[in-house]
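The next block holds one structure in the form of structure tokens; read it before the comments.
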Amino acid sequence: MEAPILSIVVFTPIVFGVVLFFFPAERHREIRIFALTGASIALALSLWAYFTYDLALGGYQLVEHYPWVPRLGISYHVGVDGMNVPLVLLTGIVMFTGVLVSWGIDDRPREFFGFLFILATGVFGVFVSLDLFQLFFFYEIAVFPMYLLIAIWGWKVTREYAAMKLTLYLFIGSVVALIGGLAMYFASGTHSFSLFALEQAGFSVDFQRFWFPFVFFGFAVLGGIFPVHNWSPDGHVAAPTAVSMFHAGVLMKVGAFAALRVGIMLLPEGAKFWAPLILGLATVNVVYGAFIASVQSDFKYVIGFSSVSHMGLVILGFATLNLTGITGAGIQMFSHGVMTALMFAVVGLVYDRAHTREIPKLGGFIKVMPLAGIAFIIAGLVSMGMPGFSGFVAEFPIFMGLWQSQPIVAIIAAISIVITAGYIMRVIGRVFFGEMPEEFKGHITPINNFDKIALVILSGILILVGVYPSIIAPLVESGAQAVMALVGGA
Amino acid sequence: MQIETLIWLIPLPPILAFFTIVLGTNRNNRLSHIIAIGSMVVSWGLAMVVFFNAVTTEGLGHHPFHSSIAWIPTGDTALRIGVLIDPLGALALFFVAWTCLAIFLYSVGYNNYGKPRDPEDRAGLPPRAGGIEPMYARFFAFISLFAFGMLTLVISDNLLLLFVGWEIMGLCSYLLIGFWYGKPSARDAMIKAFMTTRVGDVFMLLGLVYLYSATGTLSYREILYNEHVLGMLTNTPSVIPALSTAGLIGLLLFIGTVGKSAQWPLHVWLPDAMEGPTPVSAMIHAATMVSAGVYLILRFFPLITAGWHEGGPLTPTMLVISFIGAFTALFAATIALAQNDIKRVLAYSTISQLGFMVAAVGIGAYVAAAFHLITHAFFKALLFLGSGSVIHGVEHGVQHTNEHIDAQDMFNMGGLRKKMPVTFVTFLIGGFALSGFPLITAGFWSKDEILADAFAHGHLAVFITLALAAFLTAFYTMRQITLTFLGEPRTKAAEHAHESVWTMTLPLIVLSFFAIAAGWVGIPEGFPAIGGIIPNWFHDFISGTLLEHPQAVAFNPVPLIVSIGVALGGLLLGWLVYRRVPAGGEDPVKKLLGPIYSVLRNKYYFDELYSAVIVRPAYWFAETFVYRWIDRGVIDGFLHWVGRTSLRIGDFLRNSIDLPIVNGGADFIGEGVKKSGKTARVIQTGRVQEYLIIGMVFVGIVLSYILVLRP
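The structure is reproduced here in structure tokens:
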């Protein structure tokens, strides 16, 4: 039997997280090294999973399947295909770099890394789940530690409000989705939570149309769909850096991915019925998020609302229900995850030094932290879809898919490209160029080597994917083909 | 080595130079400029080899140099990228390679290489007292990236790679216009340039997406050299009634050109782009970026003109293009009349000349447009570099005399012909080429061809507009030459100006050669007296790019006389009006035009108009409407309202039902709850209950939805 790679990926973080709690609280150094070890293992194995995935073979690979609660048809069933393996890798990357940029946390690092790792297990678990019950199980694991991480280590001004807002939105979303999931379980008659079984359950068209919104929108709350996106910018801003990276980089993808995997793939007729509404809402997301981002004076809120805008593109891609659009959305999930993690990392570095995020009060940071400035510019270019960076590789197929299904949506969504360029340029211009205020001169310390490694990894990936899209595109496309096989049609 | 391999290699040296300088040698000025110029020389050499191979290949149009590889797999087909050199590509490569090389060399002198670093100078501000540019190495890195973008665009065999090069240039223009980011005006200009061109780019991207959706390919050859595909695009109606698919795609791509080539109404960024160092202005306005816009519509000429036959009525798309081109040509020329900044005059003349080319494409004068693109690239690069040399000379005088004057204002110059003879002669050649000085200059032949074509095919409105613009061009060019070089110095600084170093004057000399000779390859066969002595090679060569070869226009004396008349008349009038402007004197045209003058001087108030009509409303919309009203007002407001209402309900339940009715027997349990409540408080906030009740309400709504609506 092969080594259970995916189970190791999934459970490494939680095991390390739990063990961390047995460390003496004041041994910060040992705690950090141990945390980094755990993150490295998860990253290495997710890389392994990514690069051993055999495209020629296709389908789900590295599958493990054990009965869990056989009486209810629940099993532990994991596997990766072209759609989720990039997301597993993304999680590994964000976890590893998140630990690196959190090296300096002095307030209870043991608990911080502990909760962060529990969260990571939840996220890994959702991505690889092939059993609906198991997916919900990990989903809740992913959502719960977020509350603590924000409420305890967050920005003092809004952390309690934001943590509560976030938790409630997400729990309500998951309850709604769960109702839909249970409806499918009972209606299928197969007495199984297996996603494969549910895919083949042959639900009636009416059933699908009725239950689709529960599942899709329930999960899409976590994907930040309008008008239930409001938890996300507040949550991003209140969270400490590594948590923002996780939150915007990975957690929002959990929502979008689950909406695809459970909503669109299990209830394709429902997806076709509701697609116009989803297109409409996601278009609002894209343009609306960009507009709001352009008037924020808080650096972190700009990025927070830009995530709302970019996640809108992911959902738009899904809602095209064609191969090109879904492929683009899959790449966008990965690209945006890395990009936004990088952006939040840089925001954190600036905030740690300036102790303010008010854009008009900042300036000239490129001189004291050139690498962070360059990394942010790269992320900015990704976010405005500049060719040669991963954002273009993702957005181009999305727009192509949109044009095939709804040209008018493509045109409206394209407005966001201009606005995005506007706010990114404004932030870069004000924060990194311009004149550094007198109060900061001589007080801004350069960034440390851990931060540098994290920034280089993240920006390197963005460029690599942009210049050599074949490293990810065929993989995601094979995953999108699996979706299309269920949705049917072109 | 295969010629195709050489083409792939052309853009590589500059990008390598960019990375080498950024990552390695950015502290070593000498090494950095050697790397940058060296790599440009290699690219130039490769380009020349390819060019001469191309011109000596029979039937290049039918069998161009071409190779391609798969890049982004999308759907069923992979998006391929590749290189292509056909006649149009070869000619574009020729002028891009030459002008870039000239600009690279010029930058050495312009950035005061060899002078000591002035300790007062700071990065992000222009050197004040003739010291070396503080970010010298970075400058060469950026222009290398710029050259990479343009070379990539030119050798591309498809719209996608063209778009890549296009966007790289957009980014470089941002970086270079804002090179002196310490100046607030430069910071504003960099954002303005990027944003304005970006508006065009978005439409272009949509055109690209549309084209790909309609044809499944972005390769030039498969679309534009393919009767079947063109016919299909022409005959399918588009989403907009009255336009064929080809027409709409052409229009979307053209909007990209409007942004990039600074055509009205997206012209506003280009004059402000003068905030960058002068070699950058030459790079943007002559060699690369603005030419890219015209190159795009020349490339897609078969698509834009789909459904049109030579001599037939124009399609709606062509009408739009010819209108915008002709209007821009005249509109920008009038603004140029009232500018005093030597570079701004050139900036508006660029917009105007690009309008000539766009109008030519709009009326189907393919050869004339391509011809003017190339001659313009040479003489405009020459003029910009010449103006940089002038400014340098005057700045030297300013330092010498400590006068506080604007070194770019032409009214502070005068008499520079004696101080800067090489700059003067070359600038004169460039200026005459721009004015279309008859027979000798390249600008005459290309501009004449546009006018002749417009006249021959009966596009009288275009013909008259362009002739008028040509007249104004000659006038303001002579105004510029007269104010700058002729007469007597009007300031002390101008008296102490001196000639620039050889690295600056050599490129001027090279470019002035082309500003004259580039016209001789395209003398119409039917031209009186000299026609046919040199065969009209240009027409024959470039026609091969198109499937359907355009016909040469038959000779007609009317446009020729007009073309000679406006050039000479404008030059003469300009000289007469401006030859005696005294020091501190007012612009004679100001008196003549009165209030119109200030309208022209303020560029028809387009900046103010856009600010009032677009920028401020957009910010209001984003800030007040979307953010405050919708996001924080309605959505959050609703949430908070639900929260408060739930609290009130909770309060009612607690005080009216729970306490008096339920509480009686439950004190014991209550104590237990209180205790666990205390323990849990660590992670709880006061608002848990509030929100949990929202959750309950929500679940209630969901349940009623199920019960009521369930099928």
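Top to bottom, those sequences are chains A and B. Each residue of the first sequence is one higher than the one before, counting from 531 in the numbering used here. Each residue of the second sequence is one higher than the one before, counting from -10 in the numbering used here. Backbone N, C-alpha and C fix where the C-beta goes; we use that ideal spot for every residue, glycine too.
Item: Cα-Cα, which of B:Leu285, B:Thr339, B:Leu232 is closest to Met272 (chain B)?; Value: B:Thr339
Item: I'd like to know whether the C-beta of Gln934 (chain A) is nearer than 7 Å to at least one C-beta of chain B.; Value: yes
Item: Against Asp620 (chain B), what residues of chain A qualify as contacts under a CB-to-CB distance less than 8 Å, listed in chain order?; Value: Asn760, Tyr818, Ile822
Item: Expressed to the nearest angstrom, what Euclidean distance is found between the alpha-carbon atoms of His381 (chain B) and Thr494 (chain B)?; Value: 12 Å
Item: In chain B, which residues lie with their C-beta within 7 Å of the C-beta of Pro937 (chain A)?; Value: Val228
Item: Give me, in chain order, the residues of the same chain whose beta-carbon lies closer than 7 Å to that of Arg176 (chain B); leave out the 5 immediate sequence neighbours on both sides.; Value: Gly167, Tyr170
Item: When the Cα of Val356 (chain B) is compared with those of B:Asn215, B:Phe40, B:Trp526, which residue comes out closest?; Value: B:Trp526
Item: When the distance is taken between beta carbons, is Gly834 (chain A) closer than 7 Å to Val767 (chain A)?; Value: yes
Item: Any beta carbon of chain B sitting closer than 7 Å to that of Met714 (chain A)?; Value: no
Item: Please classify Leu94 (chain B): does DSSP put it in a helix, a strand, or coil?; Value: helix
Item: Under a three-way DSSP split, which group does Ile394 (chain B) fall into?; Value: coil
Item: Select from the segment 980 to 999 of chain A all residues with a C-beta closer than 7 Å to any C-beta belonging to chain E, and list them in chain order.; Value: Here chain E cannot be found, since the structure's protein chains are A and B.
Item: Any C-beta of chain B within less than 9 Å: which residues of the segment 865 to 889 of chain A qualify?; Value: none
Item: At least one CB of chain A closer than 7 Å to the CB of Val701 (chain B): is that the case?; Value: Because chain B here runs from -10 to 700, residue 701 (chain B) falls outside it and cannot be looked at.
Item: Assign Lys407 (chain B) to buried or exposed, taking buried as 16 or more other Cβ atoms, counted over all protein chains shown, within 10 Å of its Cβ.; Value: exposed
Item: Looking only at its own chain, which residues have a Cβ that is under 6 Å from the Cβ of Ala541 (chain B), when we skip the five neighbours before and after it?; Value: His528
Item: Give every residue of the same chain whose Cβ lies closer than 7 Å to the Cβ of Glu729 (chain A), excluding the five residues on either side of it in the sequence, and list them in chain order.; Value: Met795, Leu796, Leu1016
Item: Tell me, please, whether the CB atom of Glu211 (chain B) is closer than 7 Å to any CB atom in chain A?; Value: no
Item: At the level of alpha carbons, what is the spacing between Gly748 (chain A) and Lys783 (chain A)?; Value: 14 Å
Item: Which stretch, first to last residue, makes up the beta strand (DSSP E) that contains Leu592 (chain A)?; Value: 591 to 599
Item: Distance, Cα to Cα, Phe733 (chain A) vs Glu799 (chain A)?; Value: 9 Å
Item: Do Ala572 (chain B) and Arg479 (chain B) have their C-beta atoms within less than 7 Å of each other?; Value: yes
Item: Find the residues of chain A that neighbour Tyr599 (chain B), judging by a C-beta separation of less than 7 Å, and give them in chain order.; Value: Under the 7 Å cutoff, chain A gives no residues; its nearest Cβ is about 14 Å from Tyr599 (chain B).
Item: Looking at chain A, which residues of the segment 193 to 212 of chain B have a Cβ within less than 8 Å of any of its Cβ atoms?; Value: Leu194, Leu195, Val198, Tyr199, Tyr201, Ser202
Item: For Ile324 (chain B), which residues of its own chain have a beta-carbon under 6 Å away from its beta-carbon, when the five flanking residues on both sides are left out?; Value: Tyr337, Leu589, Lys592
Item: Does the contact criterion of 3 or more C-beta pairs under 8 Å hold for the segment 499 to 513 of chain B versus the segment 433 to 446 of chain B?; Value: yes
Item: Going by DSSP in three states, Ile535 (chain A) sits in which element: helix, strand or coil?; Value: helix
Item: Starting from Val608 (chain A), follow its DSSP beta bridges and name the residues at the other end.; Value: A:Glu594, A:Ser659
Item: Just confirm the distance between the C-beta atoms of Ala354 (chain B) and Ala262 (chain B), as a whole number of angstroms; I'd bet it's less than 8 Å.; Value: The pair is not a contact, with the Cβ atoms about 28 Å apart (cut-off 8 Å).
Item: By alpha-carbon positions, which one of B:Val555, B:Gly196, B:Ala130 ends up nearest to Leu165 (chain B)?; Value: B:Ala130
Item: I'd like the list of long-range same chain contacts for Arg569 (chain B), defined as Cβ closer than 6 Å, with 5 residues on each side in sequence excluded.; Value: none
Item: Touching or not, the segment 101 to 112 of chain B and the segment 78 to 92 of chain B, by the rule of three or more beta carbon pairs under 8 Å?; Value: no
Item: Once DSSP output is grouped into helix, strand and coil, what is the label at Ile212 (chain B)?; Value: helix
Item: For chain B, is any of its Cβ atoms less than 7 Å away from the one on Met916 (chain A)?; Value: yes
Item: Classify His22 (chain B) as helix, strand or coil using the three-state DSSP reduction.; Value: helix
Item: So what's Arg69 (chain B) in DSSP terms, helix, strand or just coil?; Value: strand
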